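In the working numbering, the protein residues as written are 63 to 434.
Written out below as structure tokens is the structure these notes cover.
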């Protein structure tokens, strides 16, 4: 593949490309009057998106190498950092400077340091570490997404299921790996949990159940914010010691308890409020209806169901993360998909909820609330 001389390249594409575009888009076919240079179509956004995997894999490799954990101890120059990470001299400087350009690192003089965000969220020694999810993305999702086209054509998962393996079955049978995974889930959900604790009218209720609680991040945040509440986390029995250890670290063992069960096989525990966070999108439409109906049966009159996800906007145009998450469900599950707030409200009404509303939380996440 030949490359144009660097002097002919402006903003990531060559003058040859610009000339090709201007010659292939005649003014009279699309615009009235003359086309200014600002109106002329350019490929920048297409190229940026098409090659976005470059930046993604650069970050994922940095997490895999423990780069941000090394820099959390203090700034380092390129040679020191490369030596600690065991990088080849050819690759190191470009790798570090690419992370600077991606705003994942800072550089002052010849010394590299974490940004405030990477220092908080990508240092393995901090409880706020969310890199476990990125480690999983690097090891699993990155290669699996290479088969997206096959998934689009077949409608079948493109993960370990293609070879007869069961990733989550293996994960839940290994306590150390399970704890790392559940900790990662807490890291990425903690901001949303804090907002739910603040926005929902918890003063009107006394008890709650978090279905699919994992480590217990949501129950802890709710209970820390509201002294009158008592709650439980509902999950598979193997999660109990991880949940109880996490809850105990906040001194909340007397107010938060664990309820072991399988939400497909067992009835849900009764409580004033039931929460399902990042749960429904894993399952097909029939299973979604079943889980909402189970929540309805477990609630008293006036009780509330909170469902939170990266809800797709009702016009299906804006929440890129939610739409791509739904494609990720295609990769990962036999029938899961993400959905709009209006979809979920309709399902709740079908189950019998008399009142529903949607409220934005933080980032791509919103909650749908149903009142029985």
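Think of the CB as a built atom: it goes at the ideal place given N, C-alpha and C, for glycine as much as any other residue.
No experiment lies behind these values; they were computed from the predicted model shown.
message: Using 8 Å as the threshold, is the C-beta distance between residue 427 and residue 372 below it?
response: yes
message: I need the straight-line Cα distance from residue 419 to residue 261, nearest angstrom please.
response: 13 Å
message: Could you compute how far the alpha carbon of residue 295 sits from the alpha carbon of residue 210?
response: 35 Å
- request: Tell me whether residue 366 sits in a helix, a strand or coil according to DSSP, three-state version.
  value: strand
field: 8 Å contact criterion, which residue 360 and residue 329 should meet: CB distance rounded
entry: 7 Å
- prompt: Between the region 142-161 and the region 108-122, do at least 3 Cβ pairs fall closer than 8 Å?
  reply: yes
query: In this structure, does DSSP put residue 114 in helix, strand or coil?
result: helix
- request: Within the same chain, show all residues whose beta-carbon is closer than 8 Å to that of residue 91, passing over the 5 residues directly before and after it, in chain order.
  value: Because residue 91 sits at a pLDDT of 41, beneath the cut-off of 50, its placement in the model cannot be relied upon, and the following sentence gives the value as read from the coordinates. No residues qualify anywhere along the chain.
- request: For the beta strand (DSSP E) containing residue 320, list its first residue and its last residue.
  value: 318-322
- prompt: In three-state DSSP terms, what is residue 432?
  reply: strand
- request: Output the boundary residues of the alpha helix (DSSP H) element that contains residue 351.
  value: 347-360
query: What is the DSSP secondary structure of residue 221, counted as helix, strand or coil?
result: coil
- prompt: When the Cα atoms are used, what is the spatial distance from residue 113 to residue 243?
  reply: 29 Å
query: If you count every other CB in all the chains shown that lies within 10 Å of the CB of residue 343, and 16 or more means buried, which is it?
result: buried
Whole-number beta carbon distance between residue 175 and residue 167, since they are thought to touch under 8 Å: 7 Å
message: Within the continuous beta strand (DSSP E) that includes residue 339, where are the two ends?
response: 335-339
- request: Evaluate the contact criterion for the region 234-248 versus the region 200-210: three or more CB pairs, one atom per stretch, below 8 Å.
  value: no
- request: Provide the residue span of the beta strand (DSSP E) that contains residue 177, from first to last.
  value: Taken as a continuous stretch (DSSP letters only), residue 177 belongs to no beta strand (DSSP E), as it is neither H nor E.
- prompt: Three or more C-beta pairs closer than 8 Å, one from the region 127-139 and one from the region 184-191: is that the case here?
  reply: yes
field: DSSP state of residue 142 mapped onto helix, strand, coil
entry: helix
- prompt: What did DSSP end up calling residue 343 once you bin it into helix, strand or coil?
  reply: helix
query: Just to confirm, does residue 349 get its C-beta within under 7 Å of one of the non-hydrogen atoms of the ligand NAD?
result: Here there are no bound small molecules, and the ligand NAD is not part of this structure.
- request: Determine which residues share a DSSP beta bridge with residue 173 and list them.
  value: 139 and 170
- request: With DSSP as the reference, label residue 395 as helix, strand or coil.
  value: coil
- prompt: Which residues mark the beginning and the end of the alpha helix (DSSP H) in which residue 230 is found?
  reply: 229-234
- prompt: Leaving out the 5 sequence neighbours to the left and right, which residues in its chain are closer than 6 Å to residue 126 when beta-carbon positions are compared?
  reply: 200
query: Cα-Cα, which of 152, 424, 350 and 410 is closest to residue 256?
result: 424
field: Coarse secondary structure for residue 275, derived from DSSP in three states
entry: coil
- request: With a cut-off of 8 Å on the beta carbons, I'd call residue 291 and residue 270 a contact; round off their distance for me.
  value: 7 Å
- prompt: Three or more beta-carbon pairs under 8 Å between the region 323-337 and the region 366-384, yes or no?
  reply: yes
task: Apply the 10 Å Cβ neighbour rule to residue 281 and answer buried if 16 or more other Cβ atoms are within range, or exposed otherwise.
output: buried
query: If you run the structure through DSSP and keep just helix, strand and coil, what is residue 293?
result: strand
query: Should residue 382 be labelled buried (16 or more other beta-carbon atoms within 10 Å of its own) or exposed?
result: exposed
task: Return the bridge partner residues of residue 270 from the DSSP annotation.
output: 293 and 335
message: For a test of the three-state rule: what should DSSP assign to residue 204, helix, strand or coil?
response: helix
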